[in-house]
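Chains as they are written, first to last, in the working numbering: chain A, 350 to 465; chain B, 350 to 465. Note sheet for the following structure.
2 protein chains.
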Amino acid sequence: MCDKLPMQSDGLVRLSKIKVNPEYIDEYMKYAVEVGTASLETEPGVLTMYAVADKENPCNITILETYASQEAYKSHIASEHFQKYKQSTLHMVDSLMLDDVTPLNPDNIITNTIRK
Amino acid sequence: MCDKLPMQSDGLVRLSKIKVNPEYIDEYMKYAVEVGTASLETEPGVLTMYAVADKENPCNITILETYASQEAYKSHIASEHFQKYKQSTLHMVDSLMLDDVTPLNPDNIITNTIRK
């Protein structure tokens, strides 16, 4: 697990909301877990990448994504692991909403790791 | 900050989605921050309570709530700070959806604290 950068004033907190075509859900999950793990383990500016599936409709995925800065976000988007995920899953995704959000309490701190 | 319980097999991860009446949004935020802080600081079974507001529509609130067990959830609901929040904000809330979710990767671990 790499050391993490502190959150900057131009950091980004986002809820990505993805509806996956049910035909591809198992395959999609593998790519999503892979990209989340690689991003958290290797990118100092990726502070959270926490993906959950609705229990009622497991094809509805939400990812809590936190980037330390705009630069960290750009670096993530350009990374080999993100590009692999993006290109491999394009045909599996029925819709994608990127909802940028503001934490209600700036002192409420989330940290995110991959357990070994 | 109290010590936290480990996640149990009957633990709960939830996205609570709240639409607040715009007339009350500032007041609502104070109650939401207060209950989140008290829950994280005093309840061993409240593992996350991370509230965010949509940038585009700040009256749309999402809270990532994680409880170590069903017992921890029941204890939270019965707590004085939750009951104060619930009763004080009932008239401010236009709608509430409780979406229970499953993390895609059980080894993706989130921890949540209040910075002093």
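Just so it is clear, CB atoms sit at the ideal spot from N, CA and C, and this is done for glycine as well. Just so it is clear, the structure is predicted and the values come from calculations on it, not from any experiment.
(request) With distances taken Cα to Cα, identify the nearest neighbour of Val395 of chain B among B:Lys465, B:Ile459, B:Arg464. (result) Selected option, being the one with the closest Cα: B:Ile459.
(request) Would you be able to state if there are at least three C-beta pairs under 8 Å between the region 431–439 of chain A and the region 371–389 of chain A? (result) Segments in contact, yes.
(request) Over the uninterrupted beta strand (DSSP E) stretch that includes Glu390 of chain B, give me the two end residues. (result) Here Glu390 of chain B belongs to no beta strand (DSSP E); instead the alpha helix (DSSP H) covers 374–391.
(message) Nearest by alpha-carbon distance to Cys408 of chain A: which of A:Thr451, A:Asn370, A:Ser358, A:Cys351 is it?
(response) Nearest of A:Thr451, A:Asn370, A:Ser358, A:Cys351 to Cys408 of chain A, Cα basis: A:Asn370.
(message) Which residues does DSSP list as the beta-bridge partners of Arg363 of chain A?
(response) Beta-bridge pairing links Arg363 of chain A to A:Glu414, A:Asp449.
(request) In angstroms with no decimal places, state the Cα-to-Cα distance between His425 of chain B and Asp448 of chain B. (result) Cα-Cα distance, rounded: 17 Å.
(message) Does Thr411 of chain B pass the burial test, meaning 16 or more other C-beta atoms within 10 Å, or should it be called exposed?
(response) Buried, by the Cβ-count rule.
(message) Counting only Cβ-Cβ distances shorter than 9 Å, please list the residues of the region 454–465 of chain B near chain A, keeping chain order.
(response) So the list reads Asn454, Pro455, Asp456, Asn457, Ile458, Ile459, Thr460, Asn461, Thr462, Ile463, Arg464, Lys465, given in the order they occur along the chain.
(message) I'd like to check one pair, Thr391 of chain A with Cys351 of chain A: are the Cβ atoms closer than 8 Å?
(response) Cβ atoms of Cys351 of chain A and Thr391 of chain A: closer than 8 Å.
(message) Please report whether the beta-carbon of Thr386 of chain B lies at a distance below 8 Å from any beta-carbon of chain A.
(response) Interface residue, yes.
(message) Between the alpha carbons of Asp403 of chain B and Tyr380 of chain A, how many angstroms are there, rounded?
(response) Cα to Cα, Asp403 of chain B sits roughly 27 Å from Tyr380 of chain A.
(request) My understanding is that Asn461 of chain B touches Tyr399 of chain B, with C-beta atoms under 8 Å, so please give their C-beta distance in whole angstroms. (result) Cβ atoms of Asn461 of chain B and Tyr399 of chain B come within 8 Å of each other, at about 6 Å.
(message) Under DSSP, the beta strand (DSSP E) around Asn370 of chain B begins and ends at which residues?
(response) No beta strand (DSSP E) holds Asn370 of chain B; DSSP gives it neither H nor E.
(request) Please classify Ser428 of chain A: does DSSP put it in a helix, a strand, or coil? (result) Of the three classes helix, strand and coil, the one that applies to Ser428 of chain A here is coil, per DSSP.
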